[in-house]
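The structure appears below as structure tokens.
Number of protein chains: 2
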Amino acid sequence: MNTALDCIPCLLRQTLEAARIVSNDPAVHEQMVRDVLRWTSEMDLSLSPPAVAQRIQRRLRQITGVEDPYRTAKARQNRMALELLPALRAEIQASTAPIETAARIAIAGNMIDMGAHASLNEADVHRSLLQATSAPFYGQMDLFLQAVGEARSILYLADNAGEIAFDRLLIEQLTPKRITLAVRGAAVINDATLADAHAVGVDEVVEVIDNGSDAPGTILDDCSPDFRRRFADADVIIAKGQGNFESLNRQPDNIFFLFKVKCPMVASHIMQPTGTQVLVCTNPEALATAY
Amino acid sequence: MNTALDCIPCLLRQTLEAARIVSNDPAVHEQMVRDVLRWTSEMDLSLSPPAVAQRIQRRLRQITGVEDPYRTAKARQNRMALELLPALRAEIQASTAPIETAARIAIAGNMIDMGAHASLNEADVHRSLLQATSAPFYGQMDLFLQAVGEARSILYLADNAGEIAFDRLLIEQLTPKRITLAVRGAAVINDATLADAHAVGVDEVVEVIDNGSDAPGTILDDCSPDFRRRFADADVIIAKGQGNFESLNRQPDNIFFLFKVKCPMVASHIMQPTGTQVLVCTNPEALATAY
Numbered sequence: 003m004n005t006a007l008d009c010i011p012c013l014l015r016q017t018l019e020a021a022r023i024v025s026n027d028p029a030v031h032e033q034m035v036r037d038v039l040r041w042t043s044e045m046d047l048s049l050s051p052p053a054v055a056q057r058i059q060r061r062l063r064q065i066t067g068v069e070d071p072y073r074t075a076k077a078r079q080n081r082m083a084l085e086l087l088p089a090l091r092a093e094i095q096a097s098t099a100p101i102e103t104a105a106r107i108a109i110a111g112n113m114i115d116m117g118a119h120a121s122l123n124e125a126d127v128h129r130s131l132l133q134a135t136s137a138p139f140y141g142q143m144d145l146f147l148q149a150v151g152e153a154r155s156i157l158y159l160a161d162n163a164g165e166i167a168f169d170r171l172l173i174e175q176l177t178p179k180r181i182t183l184a185v186r187g188a189a190v191i192n193d194a195t196l197a198d199a200h201a202v203g204v205d206e207v208v209e210v211i212d213n214g215s216d217a218p219g220t221i222l223d224d225c226s227p228d229f230r231r232r233f234a235d236a237d238v239i240i241a242k243g244q245g246n247f248e249s250l251n252r253q254p255d256n257i258f259f260l261f262k263v264k265c266p267m268v269a270s271h272i273m274q275p276t277g278t279q280v281l282v283c284t285n286p287e288a289l290a291t292a293y
Numbered sequence: 003m004n005t006a007l008d009c010i011p012c013l014l015r016q017t018l019e020a021a022r023i024v025s026n027d028p029a030v031h032e033q034m035v036r037d038v039l040r041w042t043s044e045m046d047l048s049l050s051p052p053a054v055a056q057r058i059q060r061r062l063r064q065i066t067g068v069e070d071p072y073r074t075a076k077a078r079q080n081r082m083a084l085e086l087l088p089a090l091r092a093e094i095q096a097s098t099a100p101i102e103t104a105a106r107i108a109i110a111g112n113m114i115d116m117g118a119h120a121s122l123n124e125a126d127v128h129r130s131l132l133q134a135t136s137a138p139f140y141g142q143m144d145l146f147l148q149a150v151g152e153a154r155s156i157l158y159l160a161d162n163a164g165e166i167a168f169d170r171l172l173i174e175q176l177t178p179k180r181i182t183l184a185v186r187g188a189a190v191i192n193d194a195t196l197a198d199a200h201a202v203g204v205d206e207v208v209e210v211i212d213n214g215s216d217a218p219g220t221i222l223d224d225c226s227p228d229f230r231r232r233f234a235d236a237d238v239i240i241a242k243g244q245g246n247f248e249s250l251n252r253q254p255d256n257i258f259f260l261f262k263v264k265c266p267m268v269a270s271h272i273m274q275p276t277g278t279q280v281l282v283c284t285n286p287e288a289l290a291t292a293y
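Sequences listed follow chains A and B, in order. So the number in this note's numbering is just where the residue sits in the first sequence, counting from 1, plus 2. So the number in this note's numbering is just where the residue sits in the second sequence, counting from 1, plus 2.
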């Protein structure tokens, strides 16, 4: 997706929220906002929103000297998610459609997104996860079930800390030995890195790699050669979150995007209201004929 | 009030909404947003939000060549307000506290603000006006009643089109011959001008002047000498709307601000939630000893 003009006020709001999380110094907040105003006044709108956010977050780390400003928040989100796992795992085990149930839970977990909302209400997360299968849903679940049923290799692109614990539940349902889980290559917002994969123990069940990039999405040109090779070779890609959708939705590969709609621009693009759980494929026709 | 960093994303959203109201040309929308990004990257934050909005609206008129982009919207708002007047006038006549009731209605009418919300729902306006006296209220009504009871001269600063019809109801309760009603000196957003005063007939009951300025607030240095003289000479000033509050709240004069809280920054300043009807005085102590 391009960055729409409507994204710009939102990116500025995110900038200010992020600056306030990282620093108590009003001069830092002002410098960050002025920097982003100057960049965006001249920006190439064909960049995706995660590419702009990547630049914002790099600048924030540079100004403050803090390498992982969201470390504490991410640790809290991982703990909160782990507390919910027993109940959710029981729900999946009791389900007559366990992969579908696990997918809905993994999508519900995508609400733990500090790019969209800097402040997260823990009670809201609990409620949303425990009611995951009754939330509004849009997408191609049958196509997804068919594709993951037949795929020899799956590349699973994680999104956020906390959420990655719920990704583990879906991975457990999908024969983990054929799956590679990819996290971000460096800290950016509350996106999951190798440390978060380890914190929730998903590295015990699946191979985990990092993508070599600090974008809050998957900008292929910015990723490592190894990641790009795995991306090209995978039969199916499962991409979690809006950031991955915004940066990969023009790719011709067989990518299933699983996310919760959190902004009006994505809502407009996908023609579903914010709050909807989405599971869509980049290229359903190509996929339908691929097997 | 200064422009807070939090105001900047909101000013950008307003810019985009305004550009879309005025023009269907995406190139105009982009040029406006880029211009405002560039200015605000270097702006003096001690300017009030109405001073920034004044510059944005001037640029919009310059780019599009449209002198009064909100003319149609204002005409519709005036008509909508006039339709409500009979019911509201009856409510005031039946009230045991008619000035207070008229003040509450005039404050409720301040929701017709296209700076805060470009899209206004007519049903919401109806409901809000017909339930004006039961809305959450904060302020110094007794002080206001005392001040307007004793004042020899009142300068009443209008805010928006549509709303100015409800201002007429309050003016009718306050002995109009001692009142001067001031509107903006030129078209800006949906703020009321002489044309709107005429459209709702308030010029039949009170002297109406314009302030000589195209700011969506009252920036005294930008107003005409005649307006400034009347401002200095008035015993009491009634200032409607957030724009007048944001631009005059540091004045030491005896100004009563009547408005509906519509943004988080004003809410934080006044320590009341958005949606609250507010009636506050700049200087209650000075006023208490003035008579």
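Quick reminder that beta carbons are idealized off the backbone N, C-alpha and C, glycines included.
- DSSP places A153 of chain A outside both helix and strand once states are collapsed to three, so it counts as coil.
- Of all residues in the region 37-52 of chain B, the ones placed with a Cβ closer than 7 angstroms to any Cβ belonging to chain A are L39, R40, T42 and S43, in chain order.
- Inter-segment contact for the region 269-282 of chain A and the region 16-32 of chain A is absent: fewer than three beta-carbon pairs are separated by less than 8 angstroms.
- When rounded, the separation of the alpha-carbon atoms in R231 of chain A and Q79 of chain A is 31 angstroms.
- Collapsing the DSSP output to three states places V268 of chain B in a helix.
- Separation of the CB atoms of P52 of chain A and S270 of chain A is rounded to 18 angstroms, and the pair is thereby denied contact status at 8 angstroms.
- Setting aside the 5 residues that flank it on each side, V38 of chain A is surrounded in the same chain by L13, L14, T17, I58 and R61, each with a C-beta closer than 8 angstroms to its C-beta; the list follows chain order.
- A straight line joining the alpha-carbon of Y72 of chain B with that of N213 of chain B spans about 19 angstroms.
- Sequence-ordered contacts of the region 65-88 of chain A with chain B are nonexistent [C-beta pairs closer than 8 angstroms].
- In this structure, DSSP gives L122 of chain B a state outside helix and strand, which the three-state scheme calls coil.
- Ranked by Cα distance from T195 of chain B, the options B:M82, B:A153, B:E69 and B:T284 are led by B:E69.
- The beta carbon of I23 of chain A does not come within 8 angstroms of any beta carbon belonging to chain B, so the residue lies off that interface.
- The straight-line gap separating the alpha-carbon atoms of G164 of chain A and Q56 of chain B is approximately 45 angstroms.
- A Cβ-Cβ separation of about 6 angstroms places M143 of chain B in contact with L281 of chain B under the 8 angstroms criterion.
- Measuring C-alpha to C-alpha distances from M116 of chain B to each of B:L147, B:S48 and B:D161 identifies B:D161 as the nearest.
- Considering only B:E152, B:A104, B:L159 and B:D223, the residue with the shortest C-alpha distance to Q175 of chain B is B:A104.
- Taking the beta carbon of H271 of chain A as reference, no residue of chain B falls within 9 angstroms; the closest one sits roughly 16 angstroms away.
- By the neighbour-count definition (other C-beta atoms within 10 Å, threshold 16), R252 of chain A is an exposed residue.
- DSSP, reduced to helix, strand and coil, places G111 of chain A within a helical segment of the structure shown.
- Rounded to whole angstroms, the gap between the alpha carbons of F247 of chain A and P138 of chain A is 19 angstroms.
- Per the Cβ contact rule, the region 221-236 of chain A is in contact with the region 174-188 of chain A (3 or more Cβ pairs under 8 angstroms).
- Here Q279 of chain A carries a strand assignment [DSSP, helix/strand/coil].
- In the same chain as V207 of chain B, and ignoring 5 residues on each side of it, the C-beta atoms closer than 7 angstroms to its own belong to R170, I173, E174 and P178, in chain order.
- DSSP places T182 of chain B in the strand class (E or B) of the three-state scheme.
- The DSSP-derived three-state label of D212 of chain B is strand.
- Residues of chain B whose Cβ lies closer than 7 angstroms to the Cβ of R15 of chain A are, in chain order, P11.
- Around the beta-carbon of Q64 of chain B, fewer than 16 other beta-carbon atoms lie within 10 Å, marking it exposed.
- About 17 angstroms separates the beta carbons of A217 of chain B and D228 of chain B, which is beyond the 8 angstroms limit, so they are not a contact pair.
- Considering only A:A149, A:L86 and A:G141, the residue with the shortest C-alpha distance to V127 of chain A is A:L86.
- Per the C-alpha coordinates, the member of A:C283, A:T284, A:E209 and A:M267 positioned closest to D8 of chain A is A:M267.
- Interface with chain B (8 angstroms Cβ-Cβ cutoff): L62 of chain A is excluded.
- Per DSSP, the unbroken beta strand (DSSP E) holding A241 of chain A starts and ends at V238 to K242.
- Interface criterion not met: the Cβ of E206 of chain A is under 8 angstroms from no Cβ in chain B.
- Secondary-structure assignment with DSSP links G141 of chain A through a beta bridge to A:L281.
- Residue-level contact check: E32 of chain A touches chain B, since one or more beta carbons of chain B fall below 8 angstroms from its beta carbon.
- For S215 of chain B, the number of other beta carbons within 10 angstroms of its own is at least 16, and it is reported as buried.
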